[in-house]
Amino acid sequence: MSETYIARSSAIAARMLAGEMMVMNSVDSTFFTLNEVATAIWQAADGATPLREIVRENICGQFEVDPEQAQSDAEQFVTELSSHGILLVSDHPLAPEAAR
Amino acid sequence: MTLMAEAGQKAFNLGVPLAVHMDVTYRCNERCVHCYLDHDDHGEMSTAEIKGTLSQLADAGVFFLTLSGGEPFLRRDFFEIVEHARQLLFCVKVKTNAVMIGEAEARKLRALAIDTVQISLYSHRAEVHDAITKLPHSFDRTIRGIRFLRDRGLNVTVANVLMTANLADQYGVQKLAAELGVQYTVDPTITPMMDGNMGVLALRIPGTELEEIFRNPALVPNQEEFCAPPAAPTGEDLEGYSCSAGHSFCYISPYGDVFPCVQFPLPSGNVRQRKFLDIWNLSPQLQEVRTIQVKDLPVCSTCSHASSCSRCPGLAYMEGNMRGPSTADCEKSFYRTGVATANMLQQGLAKPRTHAPLVQIQAVATSV
Numbered sequence: 007m008s009e010t011y012i013a014r015s016s017a018i019a020a021r022m023l024a025g026e027m028m029v030m031n032s033v034d035s036t037f038f039t040l041n042e043v044a045t046a047i048w049q050a051a052d053g054a055t056p057l058r059e060i061v062r063e064n065i066c067g068q069f070e071v072d073p074e075q076a077q078s079d080a081e082q083f084v085t086e087l088s089s090h091g092i093l094l095v096s097d098h099p100l101a102p103e104a105a106r
Numbered sequence: 008m009t010l011m012a013e014a015g016q017k018a019f020n021l022g023v024p025l026a027v028h029m030d031v032t033y034r035c036n037e038r039c040v041h042c043y044l045d046h047d048d049h050g051e052m053s054t055a056e057i058k059g060t061l062s063q064l065a066d067a068g069v070f071f072l073t074l075s076g077g078e079p080f081l082r083r084d085f086f087e088i089v090e091h092a093r094q095l096l097f098c099v100k101v102k103t104n105a106v107m108i109g110e111a112e113a114r115k116l117r118a119l120a121i122d123t124v125q126i127s128l129y130s131h132r133a134e135v136h137d138a139i140t141k142l143p144h145s146f147d148r149t150i151r152g153i154r155f156l157r158d159r160g161l162n163v164t165v166a167n168v169l170m171t172a173n174l175a176d177q178y179g180v181q182k183l184a185a186e187l188g189v190q191y192t193v194d195p196t197i198t199p200m201m202d203g204n205m206g207v208l209a210l211r212i213p214g215t216e217l218e219e220i221f222r223n224p225a226l227v228p229n230q231e232e233f234c235a236p237p238a239a240p241t242g243e244d245l246e247g248y249s250c251s252a253g254h255s256f257c258y259i260s261p262y263g264d265v266f267p268c269v270q271f272p273l274p275s276g277n278v279r280q281r282k283f284l285d286i287w288n289l290s291p292q293l294q295e296v297r298t299i300q301v302k303d304l305p306v307c308s309t310c311s312h313a314s315s316c317s318r319c320p321g322l323a324y325m326e327g328n329m330r331g332p333s334t335a336d337c338e339k340s341f342y343r344t345g346v347a348t349a350n351m352l353q354q355g356l357a358k359p360r361t362h363a364p365l366v367q368i369q370a371v372a373t374s375v
């Protein structure tokens, strides 16, 4: 089974506000706020850790969620953010673009 | 409410400094007739001091960062500052006259993923623009800079400050912005000089002209709502605050001085002497600003415009009382709606005064 790797784009601005991550794409000024679970995925998006492992370690290990549902939700989240150029997705490891 | 407005409200309620405007220099290559700044360098923060301050701002939760001046590109380290800001993941807006922006600068700004570049443009006619900036050929250079930025795909906004010297040119600038494919914004506010000199206020456009601007659908599309008589203030309105200054926004000068806003020269601390977050949380001045609700304003709380007025506490402060009316905003409220303000009624005026005398401006001299 091929793995999915995710990395944060360098074209974004981001900051935590009261437990939620605000993210803006500077290219089209799309603004998102990520909930606690989405923030955990975002923070773990280092380009080197497979999404499956991020979900297992950072989501299932931290939140009370069904593993299959968590994986499905994570894939949907990744698809949406990548469509806005906020996350980079690949089937091989990526160099992280953003510093943090 | 949009997601961004929700985030703004959350920051306001929690007292998080969501947005900061930092002037990195007061030096400028233009000498605009209406400018409120002293352009001499009285000891700007060094590169390290600015970078250190930016790191503190990131830790404090600042998301929106405006870098301006003076002309920020006069700092040789400006790109180093922007690069550091972007490494810290700020949403960065740059305000400039674009005179020094060539293809290389536009390319670098694009690579750094700047959110917006706002550029001052006073007229579509070179002779009028250059007469205001007092820099020969500045119009041509600014337009060239705008084109470089636009061609690189940056979000560009043309800011058209209106005054007596360019009043007739607002449509021309709007049309030029459309031709250039950039955003247009208009601002009729002329701010008193930082040293207390009120001479520039003579450039403010007269109220009757304001009325024409506010009631022009080409400039203000939502006429019916914008010019409607004010709704009676509710209890919730009276419990509210004038603006985000000191609540979720503040201003930092090139010398490290912290103020509630660019237009609110109440010295509240200096980042060279104290950590930003300590100033933000503990400054008695900022704490006082945060306590002032509309109901605490002796005149404005009785005004029919209380729910919709754009009252600026900074301009009120410069008139002598941060709890008092801001005459420039009384004027706007009156000419926008035709309804007299409490400030006018109290003074027995049929029309607002053009501007009020200013009695309280504190220029801050800072030593390292």
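Just so you know, the sequences run in chain order F and G. Take the first sequence: its position 18, counted from the start at 1, is 24 in our numbering, and no numbers get skipped. Take the second sequence: its position 344, counted from the start at 1, is 351 in our numbering, and no numbers get skipped. All C-beta atoms in this analysis are idealised placements derived from N, C-alpha and C, irrespective of residue type, glycine included.
Buried or exposed (CB count within 10 angstroms, at least 16 for buried), residue i
{"i": "ARG117 (chain G)", "result": "buried"}
{"i": "PRO195 (chain G)", "result": "buried"}
{"i": "HIS387 (chain G)", "result": "It is not possible to answer for residue 387 (chain G), since the shown part of chain G is limited to 8 through 375."}
{"i": "PHE97 (chain G)", "result": "buried"}
{"i": "ARG38 (chain G)", "result": "exposed"}
{"i": "ALA24 (chain F)", "result": "exposed"}
{"i": "GLU107 (chain F)", "result": "The shown model of chain F, from 7 to 106, leaves out residue 107 (chain F), and the question about it has no answer."}
{"i": "GLN177 (chain G)", "result": "buried"}
{"i": "LEU95 (chain G)", "result": "buried"}
{"i": "ARG82 (chain G)", "result": "buried"}
{"i": "GLY321 (chain G)", "result": "buried"}
{"i": "SER127 (chain G)", "result": "buried"}
{"i": "PHE71 (chain G)", "result": "buried"}
{"i": "GLN369 (chain G)", "result": "Confidence at GLN369 (chain G) is low in this model, with a pLDDT of 36, below 50, so the placement of that residue is unreliable and no value is reported for it."}
{"i": "LEU304 (chain G)", "result": "buried"}
{"i": "SER8 (chain F)", "result": "exposed"}
Cα-Cα separation, residue i to residue j
{"i": "SER333 (chain G)", "j": "LEU44 (chain G)", "result": "21 Å"}
{"i": "GLN77 (chain F)", "j": "GLN49 (chain F)", "result": "16 Å"}
{"i": "PRO99 (chain F)", "j": "ALA17 (chain F)", "result": "19 Å"}
{"i": "MET28 (chain F)", "j": "PHE38 (chain F)", "result": "6 Å"}
{"i": "LYS339 (chain G)", "j": "THR73 (chain G)", "result": "26 Å"}
{"i": "HIS90 (chain F)", "j": "MET30 (chain F)", "result": "10 Å"}
{"i": "GLY331 (chain G)", "j": "THR140 (chain G)", "result": "33 Å"}
{"i": "CYS234 (chain G)", "j": "GLU218 (chain G)", "result": "10 Å"}
{"i": "GLN292 (chain G)", "j": "PRO274 (chain G)", "result": "8 Å"}
{"i": "THR60 (chain G)", "j": "ILE121 (chain G)", "result": "19 Å"}
{"i": "SER308 (chain G)", "j": "CYS319 (chain G)", "result": "14 Å"}
{"i": "GLY53 (chain F)", "j": "ILE12 (chain F)", "result": "5 Å"}
{"i": "ARG154 (chain G)", "j": "ASN328 (chain G)", "result": "44 Å"}
{"i": "THR192 (chain G)", "j": "CYS42 (chain G)", "result": "18 Å"}
{"i": "VAL101 (chain G)", "j": "GLU295 (chain G)", "result": "30 Å"}
{"i": "MET52 (chain G)", "j": "GLY263 (chain G)", "result": "7 Å"}
{"i": "ASP47 (chain G)", "j": "GLY247 (chain G)", "result": "39 Å"}
{"i": "LYS358 (chain G)", "j": "VAL207 (chain G)", "result": "21 Å"}
{"i": "LEU142 (chain G)", "j": "LEU21 (chain G)", "result": "45 Å"}
{"i": "ALA51 (chain F)", "j": "SER15 (chain F)", "result": "10 Å"}
{"i": "VAL165 (chain G)", "j": "THR10 (chain F)", "result": "42 Å"}
{"i": "ASN41 (chain F)", "j": "GLU59 (chain F)", "result": "19 Å"}
{"i": "GLU216 (chain G)", "j": "THR149 (chain G)", "result": "27 Å"}
{"i": "LEU94 (chain F)", "j": "CYS250 (chain G)", "result": "38 Å"}
{"i": "LYS282 (chain G)", "j": "PHE69 (chain F)", "result": "36 Å"}
{"i": "GLU110 (chain G)", "j": "ARG21 (chain F)", "result": "31 Å"}
Residues bridged to residue i (per DSSP)
{"i": "VAL378 (chain G)", "result": "This structure cannot settle anything about residue 378 (chain G), because the visible part of chain G is limited to 8 through 375."}
{"i": "CYS268 (chain G)", "result": "G:PHE271"}
{"i": "GLU338 (chain G)", "result": "Answer by DSSP bridge pairing: none, since GLU338 (chain G) is not bridged."}
{"i": "GLU232 (chain G)", "result": "Answer is none; GLU232 (chain G) lacks a bridge partner."}
{"i": "ASP194 (chain G)", "result": "G:VAL168"}
{"i": "GLU26 (chain F)", "result": "F:LEU23"}
{"i": "SER96 (chain F)", "result": "F:TYR11"}
{"i": "ASP30 (chain G)", "result": "G:SER75"}
{"i": "GLY38 (chain F)", "result": "Per the sequence shown, residue 38 (chain F) should be read as Phe rather than Gly. PHE38 (chain F) pairs with F:VAL29."}
{"i": "ASN277 (chain G)", "result": "G:ASP264"}
{"i": "ALA252 (chain G)", "result": "G:PHE256"}
Beta-carbon proximity check, residue i vs residue j, cutoff 7 Å
{"i": "SER124 (chain G)", "j": "VAL163 (chain G)", "result": "The sequence given here places Val at residue 124 (chain G); Ser does not occur at that position. Against a cut-off of 7 Å, the Cβ pair of VAL163 (chain G) and VAL124 (chain G) comes out as a contact."}
{"i": "THR32 (chain G)", "j": "PRO261 (chain G)", "result": "yes"}
{"i": "SER314 (chain G)", "j": "ALA18 (chain G)", "result": "no"}
{"i": "VAL135 (chain G)", "j": "ASN173 (chain G)", "result": "yes"}
{"i": "ALA65 (chain G)", "j": "PRO24 (chain G)", "result": "no"}
{"i": "ARG211 (chain G)", "j": "ILE220 (chain G)", "result": "no"}
{"i": "SER311 (chain G)", "j": "ASP336 (chain G)", "result": "no"}
{"i": "PHE271 (chain G)", "j": "TYR342 (chain G)", "result": "no"}
{"i": "ILE286 (chain G)", "j": "VAL265 (chain G)", "result": "yes"}
{"i": "SER75 (chain G)", "j": "ASP30 (chain G)", "result": "yes"}
{"i": "LYS253 (chain G)", "j": "ARG297 (chain G)", "result": "Checking the displayed sequence, the identity of residue 253 (chain G) turns out to be Gly instead of Lys. Going by C-beta atoms, GLY253 (chain G) is nearer than 7 Å to ARG297 (chain G)."}
- Task: Entirely within the region 38-120 of chain G and at least 3 residues each: give me those beta strand (DSSP E) ranges in chain order.
- Result: Within the region 38-120 of chain G, the complete beta strand (DSSP E) runs of at least 3 residues are 71-75 and 98-103.
- Task: Would you mind listing the alpha helix (DSSP H) stretches within the region 53-90 of chain F that are 4+ residues and don't spill past its ends, in chain order?
- Result: You should have 57-60 and 73-89.
- Query: Going along the region 18-43 of chain G in order, which residues come within less than 8 Å of chain C, judged by CB to CB distance?
  - Reply: The structure shown contains no chain C; its protein chains are F and G.
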